[in-house]
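2 protein chains.
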Amino acid sequence: MIAPCAQKGDIAARLAGFATAFRLADAPPEARAALSLSLLDFAAVALAGAGEEASRILREMVLGEGGAGESTVIGAGGAKVPARAAAHANGTTAHALDYDDTHFLHIGHLAVVIFPAALAVAEREGAGGRAFLEAALIGYEAAAHLGAWLGRAHYEAGFHQTATSGAFAATLAAARLLGLGAEEMRRALGLAATRAGGLKASFGTMAKPYNAGAAAALGVEAAFLAGRGFTANPGAVEAFAATHAGVGDEAALAGLGRDFVLPAISHKYHACCHGTHAALEALGEALAEAMDGGVAPEEVALVEIATHPRWLDVCNIPAPQSGLEAKFSYAMVAAMRLAGRDTAALASFSDAACADPALLALREKVKVTGDPALPDTAARVVLRLSSGAARRAAHDLAAPLPMAAREARIRAKAAALVGEARAEGLWQAVRALEEDAPVSRLSGLL
Amino acid sequence: MIAPCAQKGDIAARLAGFATAFRLADAPPEARAALSLSLLDFAAVALAGAGEEASRILREMVLGEGGAGESTVIGAGGAKVPARAAAHANGTTAHALDYDDTHFLHIGHLAVVIFPAALAVAEREGAGGRAFLEAALIGYEAAAHLGAWLGRAHYEAGFHQTATSGAFAATLAAARLLGLGAEEMRRALGLAATRAGGLKASFGTMAKPYNAGAAAALGVEAAFLAGRGFTANPGAVEAFAATHAGVGDEAALAGLGRDFVLPAISHKYHACCHGTHAALEALGEALAEAMDGGVAPEEVALVEIATHPRWLDVCNIPAPQSGLEAKFSYAMVAAMRLAGRDTAALASFSDAACADPALLALREKVKVTGDPALPDTAARVVLRLSSGAARRAAHDLAAPLPMAAREARIRAKAAALVGEARAEGLWQAVRALEEDAPVSRLSGLL
Chain A
0 MIAPCAQKGD
10 IAARLAGFAT
20 AFRLADAPPE
30 ARAALSLSLL
40 DFAAVALAGA
50 GEEASRILRE
60 MVLGEGGAGE
70 STVIGAGGAK
80 VPARAAAHAN
90 GTTAHALDYD
100 DTHFLHIGHL
110 AVVIFPAALA
120 VAEREGAGGR
130 AFLEAALIGY
140 EAAAHLGAWL
150 GRAHYEAGFH
160 QTATSGAFAA
170 TLAAARLLGL
180 GAEEMRRALG
190 LAATRAGGLK
200 ASFGTMAKPY
210 NAGAAAALGV
220 EAAFLAGRGF
230 TANPGAVEAF
240 AATHAGVGDE
250 AALAGLGRDF
260 VLPAISHKYH
270 ACCHGTHAAL
280 EALGEALAEA
290 MDGGVAPEEV
300 ALVEIATHPR
310 WLDVCNIPAP
320 QSGLEAKFSY
330 AMVAAMRLAG
340 RDTAALASFS
350 DAACADPALL
360 ALREKVKVTG
370 DPALPDTAAR
380 VVLRLSSGAA
390 RRAAHDLAAP
400 LPMAAREARI
410 RAKAAALVGE
420 ARAEGLWQAV
430 RALEEDAPVS
440 RLSGLL
Chain B
0 MIAPCAQKGD
10 IAARLAGFAT
20 AFRLADAPPE
30 ARAALSLSLL
40 DFAAVALAGA
50 GEEASRILRE
60 MVLGEGGAGE
70 STVIGAGGAK
80 VPARAAAHAN
90 GTTAHALDYD
100 DTHFLHIGHL
110 AVVIFPAALA
120 VAEREGAGGR
130 AFLEAALIGY
140 EAAAHLGAWL
150 GRAHYEAGFH
160 QTATSGAFAA
170 TLAAARLLGL
180 GAEEMRRALG
190 LAATRAGGLK
200 ASFGTMAKPY
210 NAGAAAALGV
220 EAAFLAGRGF
230 TANPGAVEAF
240 AATHAGVGDE
250 AALAGLGRDF
260 VLPAISHKYH
270 ACCHGTHAAL
280 EALGEALAEA
290 MDGGVAPEEV
300 ALVEIATHPR
310 WLDVCNIPAP
320 QSGLEAKFSY
330 AMVAAMRLAG
340 RDTAALASFS
350 DAACADPALL
360 ALREKVKVTG
370 DPALPDTAAR
380 VVLRLSSGAA
390 RRAAHDLAAP
400 LPMAAREARI
410 RAKAAALVGE
420 ARAEGLWQAV
430 RALEEDAPVS
440 RLSGLL
């Protein structure tokens, strides 16, 4: 019943082949750079999310269970629990704010499943930074390619791809850090397949970040068990696709280990609805150009935003009354940008901001229209000045910023989330892992 | 997004309503009697299964993780771990032999998910026997009705119903023992729904019993988290059916709490392939009748077995060479029965038995034919004696034995699995739980 070796259709063998053979040096520099930025982003977002209710409840569950002090629980003052439990809590904590990285190929979030699994196992094994980054990079590439392999039909049927593709990726990352051979990895993937899951019906509840944590824990568990001799059917990976509305297009996996898709990762730079981000970027560009020309913000008479019509039902609340509603309001986020507020900071989106007379006045200057010709990742902004002049800019999130610009933005975001000093400490730790410092160099700060 | 109260289509509310209101006295006596027999069966099968490799690996994982000594790990000399982990190991251990109870309505195994979850939480909470049995009975009825609600299409699509329906049932049993209210229970079910799973592609590997253990652990986890304020979408229960090829026929749930289906539970009385059981029962009846008439076993000239043709490819190995093959051989199991060997005992199915001259001689007297007119749960046997006389008997597993006969059979099976004294101790402990002895009265023997 279980195929003894790799063959066409043996997805587990293909994944295991990549995950056992890959070396960090095989990846292009921009993939490794993007990975480090995602790691900084993950660490800052997770620390900022540790105060959320979902994070607190998961953390208290695993701390209450206790056990072997293998791996750090984020936001628990350095407390450690068994790796499987740490991955569960940390995945939930990292996704609690929904402010982490995404990949359009994967149709989901990557950091929140892969890093918690890899970090927990790396700490348990006392791994060096390079081994950890190598395992995480394997996870990222596998998750994105598997996301494409499962296809959009899988997501549209109701599955939370973050947790489904993510579980397989977490399994590979954990298995690599445990030094599993290809045959053990195939069994680990078969074991992950029989329990991978996550429903989009959970969106809007704590069960969404829980899905991420559970997928990370499953990856650790599957790798541990397979490494100890547990058997499973590697063909269950294909059975997972067949039973979960997956397309299972093998061509989507052809580039694994050759076409590195990590550089196309997308980070969130604003702590509000993703639908507002392209407009915020365009507005920022137009405003910077105007201010370079000597224009003061108070000279802005009108901000015209054109966006894909689908967003008009999602994030166009004209007069938000709460911090949460402000995150879904073009008018409000544009007003905040005009007023120089930091839209990367969680605290900017407060109930008080919705009653701030300065912001209310600016809010009235924003006009939003739908344009079906725009991709839903893009927006156009026209800044009309009291002088009668205009500044125009457009932005498409599908075209990522240059790496240096991304580094600046993510370091600024981290500072907005956890403070300058702590963000700088996290970044230095990430850089130290690149130089093979022990993984505790980073986990000790979480 | 989350419905505030029970309404048509609100499956979670319907389940929670039953699970909060049910009292043990509401169930007919035969349902309670069947539950106690299933509990004895579970305990004996789990203890006998503790030596299996899958059980050992899971047990070593949770013992290695350690933590709060809440709940007994079966086969670990009284060692205790957190309830969630104990449920995981014990579900795997209980299903490792595939010798546990089944329900045709549920299309799966019930004990191996429900008892591990209920026992772990009951121990943690220091519950009395009645509260434990009440929770377990809730789980059994819910699992069977949910199995019917998901329907055969769900199973045929590739899902392991033991683990899918079972996860919801385990959640209800755990939630009841934790004293959750109906609203918390709805959220617990929503949380279980987003992570319930299990693939039939795992059959034939250790991942099959793992599915049972993982479902039990998920039930405990979902109940714990919901009880601590975790949110989830109760509508995810319906979303689970919609995304997992479930029929979602509400009529199947109409009888929950009114039509108790537990008395129809089916136990395995022979440690071999289920396809041989009806024939073994019929042979036993014919043989008993012959011996009552003064016939000695050596006077049997021929055993004619008629079975549904589907079994001819499954369990009709004419000359088995190993203990495993013997379990899939009508000729061999019939020979063992003629020779007075105990087909309930695992040790009977040995490689040595396949080379035993007495059994080889008897094996030659067995003739097997397929009869498509028979249900696949039934068999007919004709015992032809050297005198020329014949004894005929037929058996259909779909018609359960009277409760007193079942008690005798399960107690004999338990004795065959763990020895007379230990089996008697387990049975006395089960009876003590009926009288509300603390659940540790049983768990202390595991």
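Chains A and B, in that order, are what the protein sequence lines are. By numbering that gives the first Met the number 0, the letter at position 326 of the first sequence is numbered 325, and the numbering carries on one by one without gaps. By numbering that gives the first Met the number 0, the letter at position 323 of the second sequence is numbered 322, and the numbering carries on one by one without gaps. Glycine is no exception: its CB is placed at the ideal position from the N, C-alpha and C atoms.
- Distance between V61 (chain A) and D435 (chain B), taken at the CA atoms: about 31 Å.
- The shortest C-alpha to C-alpha distance from A392 (chain A) to any of A:D100, A:E406, A:A277, A:R31 is the one to A:A277.
- Where T368 (chain B) is concerned, the enclosing beta strand (DSSP E) starts and stops at 365-369.
- Contact between A263 (chain B) and H102 (chain B) holds: CB atoms are separated by about 7 Å, below the 8 Å threshold.
- With respect to chain A, the C-beta atom of P81 (chain B) has a partner C-beta closer than 8 Å.
- Looking at the backbone, the Cα of A250 (chain B) and that of Q160 (chain B) are separated by about 19 Å.
- Beta-bridge pairing by DSSP links V381 (chain B) to B:E303, B:R391.
- R410 (chain B) sits buried, since 16 or more C-beta atoms from the chains shown fall within 10 Å of its C-beta.
- Contacts between M205 (chain A) and chain B, judged by CB atoms closer than 7 Å, involve F229, T230, A231 in chain order.
- In summary, the residues of the region 182-210 of chain B whose CB is separated from some CB of chain A by less than 9 Å are R186, G189, L190, A192, T193, R194, A195, G196, G197, L198, K199, A200, S201, F202, G203, T204, M205, A206, K207, Y209, N210, in the order they occur in the chain.
- Among the residues of chain A, those whose CB is under 7 Å from the CB of F239 (chain B) are L198, following chain order.
- Rounded to whole angstroms, the separation of the alpha carbons of A53 (chain A) and A325 (chain B) is 52 Å.
- Of the candidates A:A117, A:S386, A:E237, A:S386 places its Cα closest to the Cα of L301 (chain A).
- Per DSSP, the continuous alpha helix (DSSP H) segment holding E237 (chain B) begins and ends at 235-242.
- Of the other Cβ atoms in all chains shown, 16 or more fall within 10 Å of the Cβ of V80 (chain B); this residue is therefore buried.
- In its chain, beyond the 5 residues on either side, R83 have a beta carbon closer than 7 Å to the beta carbon of E220 (chain B).
- Taking CB atoms only, F17 (chain B) has no neighbour in chain A less than 8 Å away.
- Residue-level contact by beta carbon fails for M335 (chain B) and chain A, as no gap is shorter than 8 Å.
- Under the 10 Å beta carbon count, R175 (chain B) is surrounded by 16 or more other beta carbons and is classified as buried.
- For Y98 (chain B), there is no enclosing alpha helix (DSSP H), since its DSSP letter is neither H nor E.
- If you check the CB distance, I73 (chain A) and L432 (chain A) do not come in under 8 Å.
- Bounds of any alpha helix (DSSP H) do not take in Q320 (chain A), whose DSSP letter is neither H nor E.
- Note that the C-beta distance between H153 (chain A) and V260 (chain A) is not below 8 Å.
- By the criterion of a C-beta distance shorter than 7 Å, A47 (chain A) is surrounded in its chain by L96, L345, L416, V417, once the five residues flanking it on both sides are discounted.
- Taking a contact to require three or more Cβ pairs closer than 8 Å, the region 232-243 of chain A and the region 197-204 of chain A do not qualify as touching.
- Cβ-Cβ distances below 6 Å link A33 (chain B) to L261, P262, I264 in the same chain, with the five nearest sequence neighbours on each side left out; the list follows chain order.
- Non-local C-beta neighbours of E51 (chain B) in its own chain, meaning closer than 7 Å and more than five positions away in sequence, comprise A95, L96, ordered along the chain.
- One Cα belongs to L279 (chain B), the other to H243 (chain B), and the distance between them is close to 37 Å.
- Counting the other CB atoms within 10 Å of its CB gives R151 (chain B) a total below 16, which places it among the exposed residues.
- Around the beta carbon of R13 (chain B), 16 or more other beta carbons lie within 10 angstroms, which makes this residue buried.
- Under the Cβ distance rule, L224 (chain B) counts among the residues neighbouring chain A, one pair being separated by less than 8 Å.
- Here DSSP, grouped into helix, strand and coil, assigns F167 (chain A) to helix.
- Between T306 (chain A) and chain B, the shortest Cβ-Cβ separation is not below 8 Å.
- Judged by DSSP secondary structure, W148 (chain A) falls within the alpha helix (DSSP H) whose first and last residues are 128-155.
- The CB of F158 (chain B) comes closer than 9 Å to the CB of T242 in chain A, given here in chain order.
- Classified as exposed, R309 (chain B) has fewer than 16 neighbouring CB atoms from the shown chains inside 10 Å of its CB.
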